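full-length UniProt numbering numbers the first residue of the sequence shown as 1 and each following residue consecutively.
The beta-carbon is built from N, C-alpha and C at its ideal position, and this holds for glycine as well.
What you are looking at is a predicted structure, and each value in this text was computed from that prediction instead of being measured.
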Amino acid sequence: MLTQRFQEEKPKGEEIMRPLTEEETKVFFEKLTNYIGRNVAHLVDRPKDPHVFRLHKQRVYYVREEVMRQATSIDKKGLISLGTCFGKFTGSGKFKLHVTCLDYLSQYAQYKVWVKPSSEMSVLYGNNVYKAGLGRITENTPKYQGVVIYSMNDTPLGFGTTARSTQECRKVDVKQVFGDVTRLLRELEVHLWKWPESSVESLRGGWLVVAVLSLDHEVFPSSLLPTFSTGHQVMLRHHLSHSASRIDYEEPEALRAKNLNKLWCINRSIKSPCPTLRPSYCWNVRNKSTEKLPQMPSVAEIIRLYGLSAQQKLSQNFLLDLNLTDKMVKMAGDLSNTTVIEVGPGPGGLTRSILKAGAKRLIVIEKDPRCLPALEVLQQAVSKQRMHIVMDDVLTVDEEECVIKASEQSREPIDFQHDQFLFLGNLPFSIGTPLLLKWLYQIERKQGLFKHGRAPMIMLLQKEVADRIGAAPGDDDFSRLSVMMQRWCDVQMGFKIPGSAFVPPPKVDTRVIKMTPRNRLKSYPDVPLEAIEHVARNVFGQRRKMLSNSIQTLGAYGSQLLENQDIILDE
């Protein structure tokens, strides 16, 4: 019956959004049946809201019949893919499910697996499910059965195939693999559309057809969806077009009904010159009377939206818990007259807390271009005058130059005499010490932003590094960093954050630390930082040796240094 409904003779030549052939229908439904069994009928038999499956560029889409009928009036060259993508056919003729069909699989799943909270991130990153991370499983689940994976609070996380049956799983060791998870992390695959300029020209004076591909879960997480209300202007932002052209129109009835998974036909005349619509990442609704940040996406939504797998080579560990980032920003006090320079914002967890705290101006410095779309979402929620994005390496960038350029772009001059500056960041472990040394030398030489005042630095560092910076003389952690940082800065130790709070979780814990440049040096103001670093490096680099032996690596300078300080070493 299913085959009769969806099959059709294979079309000649390439056709857009065509029905599936008999062979394609067979392969497709065999794959679906492995996960939802007979419940596949619920996708087909929907009398009140009939849907169909269509093939476009080897991908199978699930779309309303009403939408397909409306789309037939559009020139095929300008027609776009509609509906929810269920997956794609491979070159060998097999069908591979796509994570965007998870909403339907989870709704009609025949066999289910629940994983413990400690294993949720492992599942989201496409790793196998081990028995130790298994919470519950549907009774009598067969071996090699397609299952949908949930968290313990019934949130769907992904899908995969069992490597063992329920009975076999009870007998195996906790370290044994229970099932293989479909890999969710991937490079962002834009399933959006492009209007050829010729097609836009043909629509002048008629109907402009705007489509959203599975807006609620394919590339737009539900938490980023705008709340529509009467009187708002809806703007289609073109993130891939630096000109940021837009098409504005009054809110249609379809939006007020919040029926976001349908084709929107807006009766609008397109004036010349016609813009070429380009792929868009998100819809943005701006209320001119208020400025509200979009809700923070969940970890799963961040991963699905931007394909943001933290890269080991960049020492990336994302902190997305707003309670922790808010607490970190509170250490800075009032930010209403402060320009904040955030280092390594990633997907924008700490960035949101800074903006919520009312920072006058925010400049984020990020090296990874994959994080740019997530940061642009925040930038649109506020304004380009208040938030500026700098794609550069913080170890080499000139922060003062970034502030000057941001001032020029916003046409709001910087008052270096009265404005305050603050450095904030969740530093990658690999650059924490080099960056702090860079700023220390700027403090000593009164360069960069430090020549305009005492700019505090609130950083989230590896706990071991933070403890060394704040260690007192005589402590086991007292080190080269302790000597150098405490000479030029007042150090305030903050709260600890466990590694489990990060995505992905590192093997070490972290600590927030605040470092404020001193007004005056307590002793020996004429000794340069370079000399202190040289001595400290040699002395603390050989902790197990006698000081008399370590000081000999300094040559004659070491002996003179000891004599000047009246230090006598026992031979």
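- L362 is bridged by DSSP to V340 and M387.
- Note on Y144: under 16 other CB atoms within 10 angstroms of its CB, so exposed under the neighbour-count rule.
- For the pair V397 and L437, the Cα-to-Cα distance works out to about 14 Å.
- DSSP places H98 in the coil class of the three-state scheme, outside both helix and strand.
- Between Y61 and L55, the alpha-carbon positions lie close to 6 Å from each other.
- In this structure, I497 and F423 do not form a Cβ contact; the two beta carbons are roughly 18 Å apart against a cut-off of 8 Å.
- One thing to note: P504 has its Cβ within 9 Å of the Cβ of N317.
- In the displayed model, M17 falls within coil according to three-state DSSP, outside both helix and strand.
- When secondary structure is reduced to three states using DSSP, L395 falls in the coil class, being assigned neither helix nor strand.
- Shortest Cα-Cα distance from G158 to any of V403, C169, N128 and G470 involves N128.
- Per the DSSP secondary-structure output, Q492 pairs in a beta bridge with K514.
- Around the beta carbon of A406, 16 or more other beta carbons lie within 10 angstroms, which makes this residue buried.
- Going by DSSP, Y62 is part of the beta strand (DSSP E) stretching over R59 to R64.
- Inter-residue distance for V123 and L319 is about 18 Å (C-alpha atoms, whole angstroms).
- DSSP places Y144 in the coil class of the three-state scheme, outside both helix and strand.
- Around F495, the same chain offers V512 as residues with beta carbons nearer than 6 Å, after the five sequence neighbours per side are excluded.
- Judged by DSSP secondary structure, T161 falls within the beta strand (DSSP E) whose first and last residues are P156 to T162.
- The three-state reading of DSSP puts I469 in helix, counting H, G and I together.
- Bounds of the beta strand (DSSP E) holding C85 are T84 to F89.
- A check of alpha carbon separations from N519 across E530, A455, A471 and R480 identifies A455 as the nearest.
- Judged by beta-carbon spacing, L427 lies beyond the 9 Å limit of G349, meaning their Cβ atoms are not closer than that value.
- Contact between E530 and M484 is ruled out by a C-beta separation of about 10 Å, above the 8 Å threshold.
- Q420 is a Cβ neighbour of G453, given a cutoff of 9 Å.
- One Cα belongs to K360, the other to H388, and the distance between them is close to 12 Å.
- Check the Cα spacing between V394 and each of V364, N39, V377 and A381: the tightest is with V364.
- C-alpha of Q462 to C-alpha of P473: approximately 21 Å in a straight line.
- In the assembly as shown, E120 is a buried residue. Its beta-carbon has 16 or more other beta-carbons within 10 Å.
- In the assembly as shown, K48 is an exposed residue. Its beta-carbon has fewer than 16 other beta-carbons within 10 Å.
- C489 is not a Cβ neighbour of T510, given a cutoff of 9 Å.
- Contact between T84 and Y111 is absent: CB atoms are separated by about 22 Å, not below the 8 Å threshold.
- Residue environment analysis places K94 among the exposed positions, since fewer than 16 neighbouring C-beta atoms fall within 10 angstroms of its C-beta.
- For I458, no alpha helix (DSSP H) run applies; the uninterrupted beta strand (DSSP E) run containing it begins and ends at M457 to Q462, by DSSP.
- Contact between P369 and M391 holds: CB atoms are separated by about 6 Å, below the 8 Å threshold.
- A check of alpha carbon separations from E24 across M68, F478 and T90 identifies T90 as the nearest.
- For G349, there is no enclosing beta strand (DSSP E); the residue is found in the alpha helix (DSSP H) stretching over G349 to K356.
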